[in-house]
Each structure stands twice: as structure tokens, then as C-alpha cells.
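Report on the structure given below.
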Amino acid sequence: MYPRLRNRSEYARSLDDKIGRGPLRTISSTLDQLAPDSGGAFLVRIPVRDPAGPADSGRLNLSLPGVYPVQVELRQAGGGETLDRFTTHLLYTPPSPFSQPSAPGAPLQVAWVLPLSAPPALQPDGTRSPPAPAYDAAQELVRAIDGHPAVPLVLAPTPETIEGLGASPREGDRAAVTTLARDLGGRQVLDATYEPVSLKALGDAGLEGEGVAQEDLGRRTLSATLRVRPDPRTLVVDGRLDEVNLTRLAERQTDRLVMPDADLAPVQLRLTPASPFRLDNRQLTRPEALVADPGLAAHFGPTADPVLAAHQLLADLATIYYDNPGLVRGVVALTPRTWQPSRELLDAALDGLGSSPILSPATLDTLFDTVPASTLVRRLGPGPAEGGALSAAAVRSARDRLDAFAPILDANSPLLDAYQELILVSESADLRPRQRAAYVTGLDRQIDHQLALVKLPSRHTITLTARTGEIPVTIDNGADHSIHVVVQVESDKLEFPAGAARRIDLTPHRSTTERFRVRARATGAFPLRVSVASPDGKLVLRPSHLTVRSTAASGVGVVLSAAAGFVLLTWWARQLLRGRRARNRRLVPA
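Just so it is clear: in the sequence shown, position 561 is 564 by our numbering, and no numbers are missing.
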């Protein structure tokens, strides 16, 4: 065991076995001297003297509360080479006076933000395919939360993930959503976009409306699945912000932010930031903010020993507490969204938080409401570059296509939500450009498929035997839902007394025949163009061409024909008379 750590810098070095001071005591035992527990682990006891008890040279005299590094090595018997080693920490916390109302001071408040996120279940073809490994990990997270109902937490669920779990064919996935909804008492659920997106990237691309759509669907999804109304006042920033974004956030009543330290202009601080501060903005908007501590987030990386990682997290938090023990302070432990939940780490860390006399789990609302704000004012920094650039043109084209297609359907058609989800998933910050493009292509194919279900009349000939009549136009709807269209007929040789365009409602899986009154301008065969469009005319289906054959004669034609017949009859009569006279002259004797 090594001397008490004096600050977080020493704590960080202790994890790298760079303690810098000699040990207080070294304890050696062979494995056969240690009794394993029921799980097969060997228990090593470190004797510590009670400060109120008599002197005992066989026990460590820890004069000050704090965090003490403990280095454990496994060596071959007789002083051979080191086979394995790890560093953990002993938290020496004498009985705390914090439970006494008259006692000064308070434990360190810890807002642990736990994401519940997985790759999209929604596929580019519109189907849902549960990402089984990620959903298994989500179940582990929910079980850990369910096992610690008294520990306040901050939950940051991705709405698409919650929706996918709830609609999954796997019973365990659906049960996880039910359990999570039941366990939200005393927990804070953060407002979230439907998929993780960069608000700055959307704004820079002129796609502010997409951000609004993301927020709206995300809020509606969480309300429907978890039966909770997320409060938009507090935002954990995912991706960079600029001053324009801050102004937009203020307009939607978001005035509490949790910021990555890398997104802020650097400042020289002696101690770990543990209180709210103001975020400066030239637009006179100064929201309160807390820093998402990067050191705490680092404990959620890949590890072969999740229980050790949990103890190191608790030791890190204790080190922050002992920076300024007793003051009302609070920190944010923001778990990376890409972290694969470990039940062992979660159980060990939640057990420690729930029982610690110097740490108090809390929500972000509690931190902002109870921890006194500092006088510090910080500004946004340049921040790290964001990868996976969003294709604004592709998103805008997809949105225009959906907006043009929407009037064809009923206003409450589930297809509209399904197709919008394809667009919103395509904007996810977690997808690569090729994956994003696949969702946009998928939307185009889905709309093309729906339009192909509307069958126009095939090429054939319609005969008119009179100058006026009706032309039947039959349209088939092969879809499972009603479709609303405008049918228009056009021809240079026909007039349409009752109009050439008509709005009709196509019944699912039925043929609808609409009859157009016509007046023929001429006889003969000529083309008739039939087109179908959306009610607002923004979307036009491929037209069909029919042939109209008019055999009716016009009034002028009848007169001309009669006159021609009269002339012809007169000519025949004259020819007949001339022939008879000629024959009669030949019959007269000379």
C-alpha cells in the first residue's frame, strides 16, 4: 500500500504504476495461506488501525482520510518473476458526519449519465432487424438499473433504440422496455433526437428543419414507449455547438448544458471543475453548463476486468471529493454512447455509489438546482473536427421527395412516419457516408414501389360512334391503403365539357373507373394522354396513352356528303338519259 494521493494527477499516475513514492507497507502471502471465497477469489486483508484504538505496530496507521493506492502482484514463490499485477485503491473514510443536520459539509454529488443506444434496427428497405449483440447489452444495462432502484441516475436513451427494442420479436428486448419504464422513478430521462445527430452539422448545411424533426419524433417516441415526458430544458451536448446553436437552444427553452471539455476554450484550473458555470455567447445568451469530466469517461473503455474498472471509477470520484472535502460540489460522469454495458461494472459501481459516505448519486437537475454556480464564464472552443460529413443535398432531395409524395396518402398514414424515419436515420452521426446514402436510396425505392402499385390503363383503342360521349379511365390500386390522386386527360382532337382533370380516391385493392365526357372535333384515330399526379401536382406518375377512334360525322360533313351524293345522282341520271337517246336514234329506219 502506498501513501495517500494528494490530487487527481497523482491518481492518474497510480493507474500507470507511476506512484513516485515508496510503499507504506508490503504484505506477502502464499496462495495456500489465503482462503478462497465461494467464487474462487482469494481475499487479502490489509490490517488498519482504528484511530480511536490503542497503538498497534502490526496495523497501518492511516492518519488522514483519502485514497490510497494498493498494488497487487502475483509472483512465483520464492521471489520469482511477476506473473501479473494490477493497481486498485483503498478508500479510507472515517465515520461521516454528513447525516447529522447540524454538521457542515456534504458528499460529492455524482450525476452518472447512462446512454442506452444501439445501431439502428431500421434497415434501408424499411424492415427492422434487431442488432442482437447490442440489444443483449441493453438488456444487461436495464437489469442493472432495475437491481438498484434507489440510486438516482440520468438516462440518455436513443429513441430509435427504444422503439426497436419495443418492436423486437425477441421477448427479452420487449421486456427490457417495460422494465425500464417501470424503473424511472427518481431518475431523469434526457430529451433526445430520434438518432444521435450533430445540430451544428445540420445547421451549417441549412437543415435546421431536420433538427426540429429529429427532436419532435424523438420526444414522441420516448413518450409513447417509456410513458415519460422528457424535459427539453437540459441537454447533454453530442457533437459540436456554435453560437448560432446556442441561440436556437435558448429559443426552445434549453438553458442547461453538459459540455465536453474538449469543446470549450481551455482555462487554467487548479482543481477538477465541480460546479455549474456560465457559457459566454455574443448573442447575450448565457446558459448554465457543467463539464462532462473526460477522466471519468475514460473508465468506460475496453477492459478485461470490469469490476476493477468500477473500483477505479469510485476511487477517481473519491479523489475529486478529497480535493475540497465537504463543499457542495458535483460532477458529471458521461458514459460514452459506444460503450458496451457490463453488468459486473454496473453492479459494482452502483453498489459503491449507493453506499458511499462521501459520494451521492444525483440527477442533472439536482446538480444544477443545488450546487452553487461558480463565477467562471467559459467560451466555446474550436473543438475537434467532426467526421462523416453529412450530405445536405441527399437529405434535402429525400425530404423534397417525401413532401411531394405525402399528399397521396391519408394525413395519419403510418407510411409517412416510416418514411420519415428513413430520412432521420440517414442523418445519424454514428453512420458512415455509405450507410447514410443507403437509407436515402431506400426511401426512393420505397416511394417508387408505392407508386408502382397505381396501375394506369394499358394502351388500347376506344371507339366513339357519336360526336359526344364518355371515355372510361380505369385505375387499379394495388396498395393496402387509400391513395388520393388527380387524373387528367389530354387530346388535341377532343373537348372535355366537364373538365379534363378530376381528383379521385382510390380504394385499396380495387379498380376505380372515372368517366370523362368528351366532344370529338374530327373523325379518325388520335391519341389520348392519361396522367396521374398528387393532389398538389408536385409528383407526376408516368402517363399512359390511349387511342380514340371517332366514326361519327359532323353536320358539315353530312351536308357535303349529301351535296356530293346529289351531284353524283344528277350525273348518273344525265348519263342514263343520253344513253337512251342514242339507242333510240339507232333504232329509227333510214
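We treat Cβ as the ideally placed atom computed from N, Cα and C, and that holds for glycine.
What residues in its chain sit with their C-beta under 6 Å from that of N10, if we drop five residues either side in the sequence? As a position in the sequence shown, residue 10 is number 7, starting the count at 1. Closer than 6 Å at Cβ, skipping near neighbours: no residue.
Enumerated in chain order, which unbroken segments of the beta strand (DSSP E) with a length of 3 residues or greater are wholly contained in the stretch 40-94? Runs of the beta strand (DSSP E) inside the stretch 40-94: 69-78.
Rounded to the nearest angstrom, how far is the Cβ of F303 from that of P339, given a contact under 8 Å? In the sequence shown, residue 303 corresponds to position 300, counting from 1. In the sequence shown, residue 339 corresponds to position 336, counting from 1. About 6 Å; that satisfies the 8 Å criterion.
So the alpha helix (DSSP H) L348 belongs to, where does it begin and stop? Translated into positions along the sequence shown, residue 348 becomes position 345. DSSP places L348 inside the alpha helix (DSSP H), whose first and last residues are 346-358.
State the CB to CB distance for the pair L244 and D266, rounded to an integer number of angstroms; the pair is presumed to be in contact (CB under 8 Å). For the purposes of this step, residue 244 is identified with residue 241 of the sequence shown, where counting begins at 1. For the purposes of this step, residue 266 is identified with residue 263 of the sequence shown, where counting begins at 1. Rounded, the Cβ-Cβ distance is 7 Å, consistent with contact.
Considering Cα atoms alone, identify which of T341, T250, A301 is closest to A313. Sequence index remark: in the sequence shown, residue 313 carries index 310 (1-based). With distances taken between CA atoms, A313 lies nearest to A301 out of T341, T250, A301.
Whose C-beta lies closer than 7 Å to the C-beta of S485 among residues of the same chain, with five residues either side of it excluded? Residue numbering aside, residue 485 sits at position 482 when the sequence shown is read from its first letter. The answer, listed in chain order, is D413, D508, L509, T510, P511.
Pairwise C-alpha distance: Q126 and R177: Position 174 of the sequence shown, counted from the first residue, corresponds to residue 177. Position 123 of the sequence shown, counted from the first residue, corresponds to residue 126. Answer to the nearest angstrom: the Cα atoms are 19 Å apart.
Indicate whether T91 and V73 have their beta-carbon atoms separated by less than 8 Å. Against the sequence shown, residue 91 aligns to sequence position 88. Against the sequence shown, residue 73 aligns to sequence position 70. Going by C-beta atoms, T91 is nearer than 8 Å to V73.
When every heavy atom of the ligand FAD is checked, does at least one fall within less than 7 Å of the C-beta of A421? Of the ligands one can find in the structure shown there are none, so the ligand FAD has no counterpart to examine.
Between V533 and E198, which are expected to be in contact by the criterion C-beta below 8 Å, what is the C-beta distance as a whole number of angstroms? Here the question's residue 533 lines up with position 530 in the sequence shown. Here the question's residue 198 lines up with position 195 in the sequence shown. Wrong, their Cβ atoms sit about 41 Å apart, outside the cutoff.
Three-way DSSP call (helix, strand, coil) for H314 in this model: Here residue 314 is taken as the residue at index 311 of the sequence shown, counted from 1. Reduced to three states, the DSSP call for H314 is helix.
I'd like to check one pair, V47 with L63: are the Cβ atoms closer than 8 Å? Locating residue 63 in the sequence shown gives position 60, where the first residue counts as 1. Locating residue 47 in the sequence shown gives position 44, where the first residue counts as 1. Contact: no.
Which first and last residues belong to the beta strand (DSSP E) in which D20 is found? For the purposes of this step, residue 20 is taken as the residue at position 17 of the sequence shown. From DSSP, D20 is part of no beta strand (DSSP E); its letter is neither H nor E.
Rounded to whole angstroms, what is the Cα-Cα separation between E473 and D451? Residue numbering aside, residue 473 sits at position 470 when the sequence shown is read from its first letter. Residue numbering aside, residue 451 sits at position 448 when the sequence shown is read from its first letter. C-alpha separation (whole angstroms): 32 Å.
From the DSSP output, which residues share a beta bridge with F529? Here the question's residue 529 lines up with position 526 in the sequence shown. Answer is V551.
Under DSSP, the alpha helix (DSSP H) around Q217 begins and ends at which residues? Counting from 1 along the sequence shown, the entry for residue 217 is found at position 214. Looking at the DSSP string, the run of the alpha helix (DSSP H) that includes Q217 is 211-229.
Assumed close pair D368, V334 - CB separation to whole angstroms, cut-off 8 Å: By 1-based counting over the sequence shown, the position of residue 368 is 365. By 1-based counting over the sequence shown, the position of residue 334 is 331. No, D368 and V334 are not in contact; Cβ-Cβ is about 15 Å, not under 8 Å.
In the stretch 399-463, which residue ranges form an unbroken alpha helix (DSSP H) of at least 4 residues, counting only runs that do not cross its ends? 417-429, 436-455
Alpha carbon of P385 to alpha carbon of A268, nearest angstrom: Translated into the one-based positions of the sequence shown, residue 385 becomes position 382. Translated into the one-based positions of the sequence shown, residue 268 becomes position 265. Whole-angstrom Cα-Cα distance: 7 Å.
By alpha-carbon positions, which one of Q217, R289, S514 ends up nearest to T477? Here residue 477 corresponds to residue number 474 of the sequence shown, with the count starting at 1. Selected option, being the one with the closest Cα: S514.
Taking the beta carbon of S105 as the centre, do at least 16 other beta carbons fall within 10 Å, making it buried, or is it exposed? As a working note, residue 105 is residue 102 in the sequence shown. Residue placement at S105 is poorly supported in this model, since its pLDDT is 37, which falls under 50; the coordinates still yield a value, given next. Exposed, because fewer than 16 other Cβ atoms sit within 10 Å of the Cβ of S105.
Own chain residues within Cβ distance below 6 Å of A525, not counting five before or after: The residue you call residue 525 lines up with position 522 of the sequence shown. Excluding residues within five positions, the ones whose Cβ falls inside 6 Å are K496.
Three or more C-beta pairs under 8 Å: does that hold for the stretch 156-174 against the stretch 214-226? yes
Can you list, in chain order, the residues of its chain with a C-beta nearer than 7 Å to that of R28? Leave out the 5 residues immediately preceding and following it. Translated into positions along the sequence shown, residue 28 becomes position 25. Cβ neighbours of R28 beyond the five flanking positions: M4, L63.
Output the distance between the C-alpha atoms of D433 and P118, rounded to the nearest integer angstrom. Counting from 1 along the sequence shown, the entry for residue 433 is found at position 430. Counting from 1 along the sequence shown, the entry for residue 118 is found at position 115. About 14 Å.
Enumerated in chain order, which unbroken segments of the alpha helix (DSSP H) with a length of 4 residues or greater are wholly contained in the stretch 246-305? 246-254, 297-300
Cα-Cα separation between L459 and A184, rounded to whole angstroms: The sequence position of residue 459 within the sequence shown is 456, counting from 1. The sequence position of residue 184 within the sequence shown is 181, counting from 1. Across the structure, L459 and A184 are spaced so that their CA atoms are roughly 49 Å apart.
Quick check on this structure: which residue in P290, G42, A147, G329 has the alpha carbon closest to the alpha carbon of E254? Within the sequence shown, the letter at position 251 stands for residue 254. Just measuring C-alpha positions, the residue of P290, G42, A147, G329 sitting nearest E254 is P290.
Less than 8 Å separating the beta-carbons of T366 and R190? As a position in the sequence shown, residue 366 is number 363, starting the count at 1. As a position in the sequence shown, residue 190 is number 187, starting the count at 1. Contact flag set, yes.
So who's on the other strand from A140, going by DSSP bridges? Position 137 of the sequence shown, counted from the start, is the residue given in the question as residue 140. For A140, which the question treats as bridged, DSSP gives no partner whatsoever.
Spatial distance of S400 from H548 (CA atoms): Position 397 of the sequence shown, counted from the first residue, corresponds to residue 400. Position 545 of the sequence shown, counted from the first residue, corresponds to residue 548. Answer to the nearest angstrom: the Cα atoms are 30 Å apart.
Can P134 and A147 be called in contact, C-beta distance under 8 Å? Translated into the one-based positions of the sequence shown, residue 134 becomes position 131. Translated into the one-based positions of the sequence shown, residue 147 becomes position 144. Not a contact, by the Cβ cut-off of 8 Å.
Within its chain, find whatever has a CB closer than 6 Å to the CB of V561; leave out the 5 residues flanking it on each side and keep chain order. For this step, residue 561 is matched to residue 558 along the sequence shown. Since pLDDT at V561 reaches only 49, below the 50 mark, its modelled position is unreliable, and no value is offered.
Just to confirm, is the Cβ distance from L324 to L111 under 8 Å? As a position in the sequence shown, residue 324 is number 321, starting the count at 1. As a position in the sequence shown, residue 111 is number 108, starting the count at 1. The displayed chain sequence assigns Tyr, not Leu, to residue 324. Yes, these two residues count as a Cβ contact at 8 Å.
Cβ shell of S102 (< 7 Å), same chain only, five flanking positions each side left out: By 1-based counting over the sequence shown, the position of residue 102 is 99. Low per-residue confidence applies at S102: pLDDT is 47, beneath 50, and the placement is therefore not dependable enough to give any value.
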